[in-house]
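Residue numbers (the numbering used here): 6 to 319.
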């Protein structure tokens, strides 16, 4: 099954168009691609490079809590959203430090600036962890995934808990074609630190198995997509357990699937490696999806190749 991901990377290299992008880094991109993973055959945590599962499960639990502040992630040593919160802070009137314009690109090219940036980022993280008022203002990312999943605002001033509703819908009417959760809220997109990349997912029940299809408008294929695959596979397992079902397929549909131009050496190294067996997933069978903690989710027999570092484009 991992070959599906590697084939996507090869397709982008061979067929993709070079395009400008929001970050100024540049990408090679294709539009429209689909992968399918049979979750009965193993948990799709890539083996051609190490994918850090602790980051995946802490982020998913963060979404499921309806949280949109990076403090929970920092408490779990998860830094995958730091840059977007930091960017909001350094653009504010409260920031008095050195110029951090285009910090993502500059830190890759200028060692002196990189040291300044890492110092400012370390101070930022510490303030989010220790200063409640600072964390409330600058740890917040706006109404990103967790807010849309658990508290979608309605016109009458109420809220819709889409996760609870889709679980109830699967239990009541498994054959429904409306088991859908959307993170793309056009009214609130302008206030989000990063508009949702994984925008909508739908569940499907057949033969007592729960399958999930994700539509992802934009996919960073080297850094982001391996996380997205594992995250939605994990979500499918959690929802299946909550609804008394087995797992079926995870179907991953991508709009703009791209490799950043500064990730080409890394993806070629990954493509040179041999695929290993996927691990298995173990969940605490005695807990609800809404009560899960980090220790309730484990992968077993994960033996990947070593990790490959690459810069994130902000």
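Every residue, glycine too, gets a C-beta built ideally from N, C-alpha and C. Computed from a prediction, not measured in an experiment: that's the story for all the values here.
Original post:
Run through DSSP, which three-state label would residue 85 get?
Top reply: Stepping through the chain shown from its first residue, residue 85 is reached at position 80. DSSP places residue 85 outside both helix and strand once states are collapsed to three, so it counts as coil.
Original post:
What separation, rounded to the nearest whole angstrom, lies between the Cα atoms of residue 224 and residue 124?
Top reply: Position 219 of the chain shown, counting from 1, holds the residue named residue 224. Position 119 of the chain shown, counting from 1, holds the residue named residue 124. If you draw a straight line from the Cα of residue 224 to the Cα of residue 124, it comes to about 30 Å.
Original post:
Exposed or buried, which one is residue 204 when buried takes at least 16 other CB atoms within 10 Å?
Top reply: The residue labelled residue 204 in the question sits at position 199 within the chain shown. Label assigned to residue 204: buried.
Original post:
Should residue 226 go down as buried or exposed, given a rule of 16 or more other Cβ atoms within 10 Å for buried?
Top reply: Translated into positions along the chain shown, residue 226 becomes position 221. Flag for residue 226 reads buried.
Original post:
What whole-angstrom Cβ distance do residue 156 and residue 166 have, given they're in contact under 8 Å?
Top reply: Along the chain shown, read from residue 1 onward, the residue named residue 156 stands at position 151. Along the chain shown, read from residue 1 onward, the residue named residue 166 stands at position 161. That pair is a contact at about 7 Å.
Original post:
Is residue 313 closer than 8 Å to residue 54 when the C-beta atoms are compared?
Top reply: Looking up residue 54 in the chain shown gives position 49. Looking up residue 313 in the chain shown gives position 308. Taking 8 Å as the cut-off, the beta carbon of residue 54 is found closer than this to the beta carbon of residue 313.
**OP:** Using alpha carbons as the reference points, say which of 197, 21, 121 lies closest to residue 266.
**Re:** Translated into the one-based positions of the chain shown, residue 266 becomes position 261. Nearest of 197, 21, 121 to residue 266, Cα basis: 21.
Original post:
What residue from 161, 262, 294 has the CA that sits closest to residue 35's CA?
Top reply: Working through the chain shown from its first residue, we reach residue 35 at position 30. Among 161, 262, 294, the Cα nearest to that of residue 35 is on 262.
Original post:
Which partner residues does residue 217 have in the DSSP bridge list?
Top reply: Against the chain shown, residue 217 aligns to sequence position 212. Partner(s): 208, 255.
**OP:** Please classify residue 184: does DSSP put it in a helix, a strand, or coil?
**Re:** Counting from 1 along the chain shown, the entry for residue 184 is found at position 179. DSSP places residue 184 in coil when its eight states are reduced to three.
**OP:** Determine, using beta carbons only, whether residue 285 and residue 48 come nearer to each other than 8 Å.
**Re:** Here residue 285 is taken as the residue at index 280 of the chain shown, counted from 1. Here residue 48 is taken as the residue at index 43 of the chain shown, counted from 1. The Cβ atoms of residue 285 and residue 48 sit closer than 8 Å to each other.
Original post:
Got a sec? Which residues, its chain only, sit under 8 Å from residue 72 by beta carbon, not counting five neighbours each side?
Top reply: Start at 1 with the first residue of the chain shown, and residue 72 comes out as number 67. If we look at residue 72 and ignore the five residues flanking it on each side, its Cβ neighbours are 151.
Original post:
What are the boundary residues of the beta strand (DSSP E) that includes residue 308?
Top reply: Within the chain shown, the letter at position 303 stands for residue 308. Where residue 308 is concerned, there is no enclosing beta strand (DSSP E), given that its DSSP letter is neither H nor E.
**OP:** Give every residue of the same chain whose Cβ lies closer than 7 Å to the Cβ of residue 172, excluding the five residues on either side of it in the sequence, and list them in chain order.
**Re:** Indexing the chain shown from 1 puts residue 172 at position 167. Counting only Cβ-Cβ distances below 7 Å, and skipping sequence neighbours, we find 244, 247, 248.
Original post:
Applying the criterion that 16 or more other CB atoms from any shown protein chain within 10 Å of the CB defines a buried residue, is residue 24 buried or exposed?
Top reply: In the chain shown, counting from the first residue as 1, residue 24 sits at position 19. Taking a 10 Å sphere around the C-beta of residue 24, we find fewer than 16 other C-beta atoms and assign the residue as exposed.
Original post:
From residue 196 to residue 279, what does the alpha carbon distance come to, in whole angstroms?
Top reply: Your numbering for residue 196 matches position 191 in the chain shown. Your numbering for residue 279 matches position 274 in the chain shown. If you take the alpha carbons of residue 196 and residue 279, they lie about 43 Å apart.
Original post:
Can you tell me whether residue 241 is buried or exposed, with buried defined as 16 or more other CB within 10 angstroms of its CB?
Top reply: Numbered from 1 along the chain shown, position 236 holds the residue referred to as residue 241. A buried status is given to residue 241, since no fewer than 16 other beta-carbon atoms sit within 10 Å of its beta-carbon.
**OP:** Tell me whether residue 160 is buried or exposed, calling it buried when 16 or more other Cβ atoms sit within 10 Å of its Cβ.
**Re:** Translated into the one-based positions of the chain shown, residue 160 becomes position 155. Classified as exposed, residue 160 has fewer than 16 neighbouring CB atoms from the shown chains inside 10 Å of its CB.
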